[in-house]
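Have a look at the structure below, then the notes.
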Amino acid sequence: MIELQNISKVFGTGEGQVHAIDDVTLSIDKGEIFGIIGFSGAGKSTLVRCINLLEVPTGGRVMVDSKELTTLSAGELRSARKGIGMIFQHFNLMPSRTVFGNVAFPLKGSSLGREEKENKVRELLRLVDIEDKENAYPNQLSGGQKQRVAIARALANDPKVLLCDEATSALDPQTTKSILQLLKKVNKQLGITVVVITHEMAVIKEICGRVAVMEKGKVVEEGEVFSIFANPREPVTRDFIRTTSSLHKIEGLLAEDSPVTRIKPGEMIVRLSYVEKNVSEPLISTVSRNFDIDLNIIFSDIEIIQDAPIGGTVAIMSGDRDQIALAMKYLAEKNVGVEVIQDAGTNL
Amino acid sequence: MQELIYNVIPNVMGKLPTFYQAIGDTLIMALWSGTISFVLGMILGVIITVTRSGGILAHKGLYQVLDKVINFFRSIPFIILLTGVMPVSRFIMGTAIGVEGAIVPLVFGTVPFFARQIESALAEIDHGLIEAALSMGKSPLEIIFQVYLRESISGIARGTTITAISLLGLTAMAGVVGAGGLGDYAIRYGHDRNQTDVTYVTVLVLVFMVSIIQIIGNRIVKKNTH
Numbered sequence: 001m002i003e004l005q006n007i008s009k010v011f012g013t014g015e016g017q018v019h020a021i022d023d024v025t026l027s028i029d030k031g032e033i034f035g036i037i038g039f040s041g042a043g044k045s046t047l048v049r050c051i052n053l054l055e056v057p058t059g060g061r062v063m064v065d066s067k068e069l070t071t072l073s074a075g076e077l078r079s080a081r082k083g084i085g086m087i088f089q090h091f092n093l094m095p096s097r098t099v100f101g102n103v104a105f106p107l108k109g110s111s112l113g114r115e116e117k118e119n120k121v122r123e124l125l126r127l128v129d130i131e132d133k134e135n136a137y138p139n140q141l142s143g144g145q146k147q148r149v150a151i152a153r154a155l156a157n158d159p160k161v162l163l164c165d166e167a168t169s170a171l172d173p174q175t176t177k178s179i180l181q182l183l184k185k186v187n188k189q190l191g192i193t194v195v196v197i198t199h200e201m202a203v204i205k206e207i208c209g210r211v212a213v214m215e216k217g218k219v220v221e222e223g224e225v226f227s228i229f230a231n232p233r234e235p236v237t238r239d240f241i242r243t244t245s246s247l248h249k250i251e252g253l254l255a256e257d258s259p260v261t262r263i264k265p266g267e268m269i270v271r272l273s274y275v276e277k278n279v280s281e282p283l284i285s286t287v288s289r290n291f292d293i294d295l296n297i298i299f300s301d302i303e304i305i306q307d308a309p310i311g312g313t314v315a316i317m318s319g320d321r322d323q324i325a326l327a328m329k330y331l332a333e334k335n336v337g338v339e340v341i342q343d344a345g346t347n348l
Numbered sequence: 001m002q003e004l005i006y007n008v009i010p011n012v013m014g015k016l017p018t019f020y021q022a023i024g025d026t027l028i029m030a031l032w033s034g035t036i037s038f039v040l041g042m043i044l045g046v047i048i049t050v051t052r053s054g055g056i057l058a059h060k061g062l063y064q065v066l067d068k069v070i071n072f073f074r075s076i077p078f079i080i081l082l083t084g085v086m087p088v089s090r091f092i093m094g095t096a097i098g099v100e101g102a103i104v105p106l107v108f109g110t111v112p113f114f115a116r117q118i119e120s121a122l123a124e125i126d127h128g129l130i131e132a133a134l135s136m137g138k139s140p141l142e143i144i145f146q147v148y149l150r151e152s153i154s155g156i157a158r159g160t161t162i163t164a165i166s167l168l169g170l171t172a173m174a175g176v177v178g179a180g181g182l183g184d185y186a187i188r189y190g191h192d193r194n195q196t197d198v199t200y201v202t203v204l205v206l207v208f209m210v211s212i213i214q215i216i217g218n219r220i221v222k223k224n225t226h
């Protein structure tokens, strides 16, 4: 649906030149929810603006719905843009127009009759669940309600693609969830391809199927959200995953010498991480029963991503060293990542 | 009552037709030059907003030229402008004196000022709104009318109020070219003939006019703020 080929974007000239995007190639399929994550300044907002040419790339080709946007005339580009909806971090609703007026705004000048337009607007307001606010002005709405109106407005021209530029970054966690649910619903019900730009891994985890990780204008890692979570290759990806998982708190606790991490001789702290989509067996019980070792769970963090559990457990293991070695081998066979974080040595 | 008024402002009451004529002349000058300046200043203000770098119709050359021209005319004191544009006035209006002769210099004096007022009103528009409109496939003309002008009605009303009031001040000076009006009336009778009541009444009338303009302006601003 969206093909970005060797996109680059350079701001400024000479010494002050900034390579906001550096040779990015991405392919986004029809009907998927694709995430682009990066810290601020990574170039993700510029990249998403290259999709509808709000930013004209200095190099490369942009194809949307098998039309090469980079070659279109101004007029052709405008009609192509009607097929690409966009929502923003700060909503960008027209303050002088009511909710109804805002959603009807993109339809001005379309071939629809007055009544058809009204029906269309009401239908969209129903879809985003905000019909009761039809006559309110944006300033009278909460952040979540504003974003709902913005989504309705973005959908007014029946686009095939919806670009979301940090759409939930100005919202509280509760509202973020409800907006993400709405995006999911829009994606499912209308079959719209959704591109989500964010700096929050939680957003990616919640709705995306595939994700690209950006750093310094480049896409450094790309793939299924589950496998990115399970096997992050790049340090920046690991940083992002760390922000949503408590499994890495253990290092902090060790550094602080927290009482929960003080272990006696014979014990060791291990991190078990589930990296394949098959964690349905009662691994902890099996291990402690079959190998006669004790597992004292310090904390555990398991989440469901793309209908499969992912996460892990940090635990204190104690028992016979040979048995522990066997247990680790068993876990490794079950595709569980085992990592010894601290070992107090054998019991003398 | 009648007698009391005659006693307080004898010189005004003594030649009421002159007084009414002065008010009429001021209103005619202000309305004509105001209307023309409103349209021209609006166009200029919009052009200078959309052609600046990063604007929806960025055009460095045009922007630079307009910017310099506006600055040029804004830096000329109105009293010099009044006599300076006399040839232009004669060419357009057929005369350089009287109410007709005053309209051209008033327009020259007001348009650059109003264009800057419009420019600053339009600059208040959040760039995100322009971006949103572009992402919907709106054309530059649609963006000018449906976003820039529509969303800055209260800012434009504020700028218009300020400009209208300053224009009223300029009309007083237009008496130099024999345009008549309240300013001329106050100078000729109030000052030159030492009829101070004429000056006071003139000031009162101007205060009343300014208040009316301000009240209307505030109403429009209030009505368009949501």
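First to last, the protein sequences are chains L and G. 348 is the number that the UniProt record's numbering gives the last residue of the first sequence; the numbers go up by one with no jumps. 226 is the number that the UniProt record's numbering gives the last residue of the second sequence; the numbers go up by one with no jumps. Every residue gets a Cβ at the ideal spot worked out from N, C-alpha and C, and that includes glycine.
With a CB to CB cut of under 8 Å and the five nearest residues on each side skipped, what residues in its chain are close to residue i?
i                     : result
residue 81 (chain L)  : 52, 53
residue 344 (chain L) : 263, 264, 265, 266, 267, 268
residue 125 (chain G) : 147, 148, 151, 152
residue 17 (chain L)  : 10, 11
Contact check, residue i vs residue j under 8 Å by CB: the rounded distance?
i                     : j                     : result
residue 163 (chain G) : residue 110 (chain G) : 6 Å
residue 151 (chain L) : residue 64 (chain L)  : Between residue 64 (chain L) and residue 151 (chain L) the Cβ distance is about 19 Å, and since that is not below 8 Å, they are no contact.
residue 201 (chain L) : residue 168 (chain L) : In fact, because the Cβ distance is near 12 Å, the residues do not count as touching under 8 Å.
residue 340 (chain L) : residue 272 (chain L) : Residue 340 (chain L) to residue 272 (chain L), Cβ: 11 Å. No contact.
residue 59 (chain L)  : residue 6 (chain L)   : 6 Å
residue 143 (chain G) : residue 56 (chain G)  : 6 Å
residue 82 (chain G)  : residue 1 (chain G)   : Wrong, their Cβ atoms sit about 41 Å apart, outside the cutoff.
residue 135 (chain L) : residue 100 (chain L) : 7 Å
Between which two residues does the beta strand (DSSP E) containing residue i stretch?
i                     : result
residue 6 (chain L)   : 2-11
residue 218 (chain L) : 218-224
residue 257 (chain L) : It is not in any beta strand (DSSP E) - residue 257 (chain L) carries neither H nor E in the DSSP assignment.
residue 210 (chain L) : 210-215
residue 150 (chain L) : Where residue 150 (chain L) is concerned, there is no enclosing beta strand (DSSP E), although the alpha helix (DSSP H) it sits in stretches over 143-155.
residue 11 (chain G)  : Per DSSP, residue 11 (chain G) belongs to no beta strand (DSSP E); it is in the alpha helix (DSSP H), 10-14.
residue 272 (chain L) : 267-274
Taking only the alpha-carbon atoms, compute the straight-line gap between residue i and residue j and give it to the nearest angstrom.
i                     : j                     : result
residue 311 (chain L) : residue 228 (chain L) : 12 Å
residue 115 (chain L) : residue 187 (chain L) : 27 Å
residue 190 (chain L) : residue 315 (chain L) : 45 Å
residue 77 (chain L)  : residue 87 (chain G)  : 48 Å
residue 9 (chain L)   : residue 254 (chain L) : 44 Å
residue 137 (chain G) : residue 152 (chain G) : 21 Å
residue 192 (chain L) : residue 111 (chain L) : 22 Å
residue 36 (chain L)  : residue 27 (chain L)  : 12 Å
residue 38 (chain G)  : residue 222 (chain L) : 56 Å
residue 175 (chain L) : residue 95 (chain L)  : 21 Å
residue 62 (chain L)  : residue 139 (chain G) : 21 Å
residue 25 (chain L)  : residue 131 (chain G) : 24 Å
residue 104 (chain G) : residue 149 (chain L) : 49 Å
residue 179 (chain L) : residue 165 (chain L) : 13 Å
residue 87 (chain L)  : residue 120 (chain G) : 27 Å
residue 32 (chain L)  : residue 323 (chain L) : 46 Å
residue 6 (chain G)   : residue 13 (chain G)  : 6 Å
residue 167 (chain G) : residue 141 (chain G) : 30 Å
residue 33 (chain G)  : residue 106 (chain G) : 6 Å
residue 78 (chain G)  : residue 91 (chain L)  : 45 Å
residue 303 (chain L) : residue 309 (chain L) : 5 Å
residue 70 (chain L)  : residue 84 (chain G)  : 52 Å
Could you spell out the range, first to last residue, of the alpha helix (DSSP H) harbouring residue i?
i                     : result
residue 123 (chain L) : 114-127
residue 185 (chain G) : 181-185
residue 326 (chain L) : 321-333
residue 132 (chain G) : 127-135
residue 112 (chain G) : 98-123
residue 67 (chain G)  : 60-75
residue 144 (chain G) : Careful: residue 144 (chain G) lies outside any alpha helix (DSSP H) and carries neither H nor E.
Please go through the same chain and pick out, in chain order, the residues whose beta-carbon is closer than 6 Å to the beta-carbon of residue i, but skip the five residues on each side of it.
i                     : result
residue 287 (chain L) : 327
residue 217 (chain L) : 19, 20, 21, 22, 43
residue 131 (chain L) : 125
Is there at least one Cβ from chain B nearer than 9 Å to residue i's Cβ?
i                     : result
residue 156 (chain G) : Absent from the structure: chain B. Protein chains present are L and G.
What residues in its chain sit with their C-beta under 7 Å from that of residue i, if we drop five residues either side in the sequence?
i                     : result
residue 233 (chain L) : 221
residue 42 (chain G)  : 118
residue 121 (chain L) : 100, 103, 104
In the segment 127-139 of chain L, which residues sit with their C-beta less than 9 Å from some C-beta in chain G, listed in chain order? So the close ones are 137, 138, 139.
Could you please tell me which residues of the segment 89-109 of chain L, in chain order, have their CB closer than 9 Å to any CB of chain G? 89, 90, 91, 92, 93, 94, 95, 96, 97, 98, 105, 106, 108, 109
Residues of the segment 43-63 of chain G with Cβ closer than 7 Å to any Cβ of chain L, in chain order: none
Can you give me, in chain order, the residues of the segment 143-154 of chain G that have a beta carbon less than 8 Å from any beta carbon in chain L? 146, 147, 150, 151, 153
Using a beta-carbon distance cut-off of less than 7 Å, what residues from the segment 59-80 of chain L approach chain G? 78, 79
Along the segment 210-226 of chain G, what residues have a CB closer than 9 Å to any CB found in chain L? For the segment 210-226 of chain G, residues whose beta-carbon sits nearer than 9 Å to a beta-carbon of chain L comprise 224, 225, 226.
Residues of the segment 157-191 of chain G with a CB closer than 7 Å to any CB of chain L: list them in chain order, please. If the cut-off is 7 Å between Cβ atoms, the segment 157-191 of chain G has nothing near chain L.
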